[in-house]
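A.B. asks:
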Amino acid sequence: MKKIGVIGGGIIGLATALKIQNKFPHSKVFVFDKESKLGEHQSGRNSGVLHCGLYYEPGSLKAKLAVSGIQQMTKFCNEHKISHDICGKIVVASNFIEEKYLDNLALRGKKNGLKNLKFLTNSDLNTREPNVNAIKSLLVPEEGIVDYKMVMHTMAKIIKKKNGEIILSTKINKCRNLNNKVIISDSKNEWEFDLIFSCAGLYSDRNYKNLTGEKPLLKIIPFRGEYLMLKPEAKKLFNHLIYPVPDPIYPFLGVHFTRLINGEKEVGPNAVFA
Ligand SMILES: Cc1cc2nc3c(=O)[nH]c(=O)nc-3n(C[C@H](O)[C@H](O)[C@H](O)COP(=O)(O)OP(=O)(O)OC[C@H]3O[C@@H](n4cnc5c(N)ncnc54)[C@H](O)[C@@H]3O)c2cc1C
2 MKKIGVIGGG IIGLATALKI QNKFPHSKVF VFDKESKLGE HQSGRNSGVL
52 HCGLYYEPGS LKAKLAVSGI QQMTKFCNEH KISHDICGKI VVASNFIEEK
102 YLDNLALRGK KNGLKNLKFL TNSDLNTREP NVNAIKSLLV PEEGIVDYKM
152 VMHTMAKIIK KKNGEIILST KINKCRNLNN KVIISDSKNE WEFDLIFSCA
202 GLYSDRNYKN LTGEKPLLKI IPFRGEYLML KPEAKKLFNH LIYPVPDPIY
252 PFLGVHFTRL INGEKEVGPN AVFA
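So for the sequence shown, the numbering used here puts the first residue at 2; every next one is plus one.
Structure representation (structure tokens):
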């Protein structure tokens with residue numbers, strides 16, 4: 002029986018562990034996280050949006066993964082009765098420069114195979130979103146919202162049911178090879194594996210340095226995103242997810258209005274150096 006270790010209990014680490022268990026049912030998989038709960042970083046603190054591949058370069062790995070990812074995620078949510086809602090997104094151009102970018106996004110989305118993308122007429126937009134002003138707007142009906150904490154909780158339950166282990170409050174800080182095995186350790190214990198996967202999110206570059214002793218191939222510059230929760234009386238101001246057209250000089254999607262699966266509504270995120 003192969004023993005496989007996954008460092009990082011965010012959504013990527015948990016999904017990786019599940020895929021390994023499905024592909025190699027006789028393996029024994031361990032997931033380690035340095036926090037006392039799963040999803041304490043990005044995965045449990047994001048906008049909760051199910052993206053469907055509108056933004057990415059057609060043919061790129063990101064585009065393929067986004068398109069297949071939303072299908073796999075909604076299937077997973079349906080199978081495990083996890084709250085989600087394909088409520089649709091509207092991307093809004095507010096000036097003529099954004100209008101050009103929006104045309105380009107629509108083209109990308111079409112090439113990526115997104116279904117029923119359509120530019121809204123003024124009256125369509127007004128019916129759907131009476132409080133939104135736009136020069137041009139694009140409806141992306143396949144996008145939605147989900148409770149990612151519940152997704153992670155469910156993944157962890159399945160991993161344990163399939164004989165996997167989730168080890169929390171354990172920061173992996175060393176790694177060495179010994180006779181074809183990989184030994185990883187925190188400050189107290191060590192574990193021996195046939196293979197390890199590092200899914201450490203924004204700590205990936207630091208972990209790479211700690212675990213391999215080599216200079217990381219890239220440096221992560223982390224940003225924190227802050228959100229504001231809408232007051233009850235403001236919640237009726239929008240119905241779909243409302244996104245701006247992203248400014249291509251920044252690696253962000255822009256401040257958006259989001260419905261949350263628990264009925265709350267929020268606006269954000271900004272981006273501050275973390
Ligand atoms: C503000 C914001 C909003 C976003 N909104 C969305 C959205 O709406 N929809 C969407 O699909 N995506 C969204 N994203 C992106 C998405 O959240 C991330 O792509 C995803 O959560 C990355 O998951 P991860 O598992 O790689 O990282 P993380 O969730 O950061 O998990 C990494 C884990 O590794 C652990 N770890 C690190 N080092 C060690 C170590 N040495 N030992 C043990 N454990 C370790 C950490 O504790 C952490 O739990 C958003 C991101 C941000 C920042």
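Every residue gets a Cβ at the ideal spot worked out from N, C-alpha and C, and that includes glycine.
Given a cut-off of 8 Å on the beta-carbon distance, is the pair Ala157 and Leu51 in contact?
C.D. replies: Not closer than 8 Å, so no.
A.B. asks: Taking three-plus beta-carbon pairs below 8 Å as touching, is the segment 61 to 72 in contact with the segment 17 to 35?
C.D. replies: Because the criterion of three Cβ pairs below 8 Å is not met, the segment 61 to 72 and the segment 17 to 35 do not touch.
A.B. asks: Quick one: complete alpha helix (DSSP H) runs, 4+ long, within the segment 174 to 227?
C.D. replies: As far as the segment 174 to 227 is concerned, its whole alpha helix (DSSP H) runs of at least 4 residues are 205 to 213.
A.B. asks: With distances taken between CB atoms, is the gap from Ser138 to Ile262 smaller than 8 Å?
C.D. replies: Cβ atoms of Ser138 and Ile262: not closer than 8 Å.
A.B. asks: Rounding to the nearest angstrom, what Cα-Cα distance links Val246 and Thr259 in this structure?
C.D. replies: Cα to Cα, Val246 sits roughly 15 Å from Thr259.
A.B. asks: I'd like to confirm the pairing. Which residues does DSSP put opposite Leu229 in its beta bridges?
C.D. replies: The partner list for Leu229 (beta bridge, DSSP) reads Val268.
A.B. asks: Which stretch, first to last residue, makes up the alpha helix (DSSP H) that contains His154?
C.D. replies: It spans Tyr149 to Lys162 - the alpha helix (DSSP H) in which His154 sits, taken as one unbroken run.
A.B. asks: Use the C-beta contact count for Leu55: other C-beta atoms within 10 angstroms, 16 or more gives buried, fewer gives exposed.
C.D. replies: When all chains shown are included, Leu55 counts as buried.
A.B. asks: Cα-Cα, which of Glu130, Ile250 and Lys266 is closest to Ile146?
C.D. replies: Per the Cα distances, Lys266.
A.B. asks: Considering only the alpha carbon of each residue, which of Ser44, Ile173 and His42 lies closest to Trp192?
C.D. replies: Minimum Cα distance to Trp192 is reached at Ile173.
A.B. asks: Would you mind working out which of Asn113, Ser48, Lys162 and Gly11 sits nearest Gly255, comparing C-alpha positions?
C.D. replies: Looking at the Cα atoms, Ser48 is the closest of the given residues.
A.B. asks: For the segment 3 to 23 against the segment 198 to 217, are there 3 or more C-beta pairs whose distance is under 8 Å?
C.D. replies: With the cut-off at 8 Å, the segment 3 to 23 and the segment 198 to 217 touch.
A.B. asks: Measuring only the C-alpha atoms, how far is Lys119 from Val7?
C.D. replies: Each residue's alpha carbon lies about 41 Å from the other.
A.B. asks: So Leu242 packs on Glu144, CB below 8 Å; how close in whole Å?
C.D. replies: Indeed, because the Cβ distance is near 6 Å, the residues count as touching under 8 Å.
A.B. asks: Taking Val68 as the reference, give the member of Ser188, Glu227, Asn113 and Gly45 with the closest Cα.
C.D. replies: The shortest C-alpha separation from Val68 is found at Asn113.
A.B. asks: Less than 7 Å separating the Cβ of Phe33 from some heavy atom of ligand 1?
C.D. replies: Yes.
A.B. asks: Mark Pro270 as exposed unless 16 or more other C-beta atoms lie within 10 angstroms of its C-beta, in which case mark it buried.
C.D. replies: By the neighbour-count rule (16 or more Cβ atoms within 10 Å), Pro270 is buried.
A.B. asks: Report, in whole angstroms, the separation of the C-beta atoms of Pro223 and Leu203, which I expect to be a contact under 8 Å.
C.D. replies: Right, their Cβ atoms sit about 5 Å apart.
A.B. asks: Would you kindly work out how many angstroms separate the C-alpha atoms of Ile91 and Thr122, rounded to a whole number?
C.D. replies: When rounded, the distance between both Cα atoms is 12 Å.
A.B. asks: Quick check: is the beta carbon of Met74 nearer than 8 Å to any beta carbon in chain D?
C.D. replies: Among the chains of the structure shown, chain D does not appear; only one protein chain is present.
A.B. asks: Is Pro252 close to ligand 1? I mean its beta-carbon at under 7 Å from any heavy atom of the ligand.
C.D. replies: Flag unset: Cβ of Pro252 not near ligand 1.
A.B. asks: At which residues does the alpha helix (DSSP H) containing Ile136 begin and terminate?
C.D. replies: Per DSSP, Ile136 belongs to no alpha helix (DSSP H) and is neither H nor E.
A.B. asks: So, is Tyr244 buried or exposed, given that buried needs 16 or more other C-beta atoms within 10 angstroms?
C.D. replies: Tyr244 comes out buried.
A.B. asks: Using only the alpha-carbon positions, how far apart do Arg109 and Lys182 sit?
C.D. replies: Approximately 44 Å between the Cα atoms of the pair.
A.B. asks: Quick one: what's got a C-beta closer than 8 Å to Ser37's C-beta in the same chain, skipping five residues either side?
C.D. replies: The residues are Leu169 and Ser170.
A.B. asks: Return the CA-CA distance between Leu39 and Ile184, expressed in angstroms with no decimal places.
C.D. replies: Near 23 Å, if we compare the C-alpha coordinates of Ile184 and Leu39.
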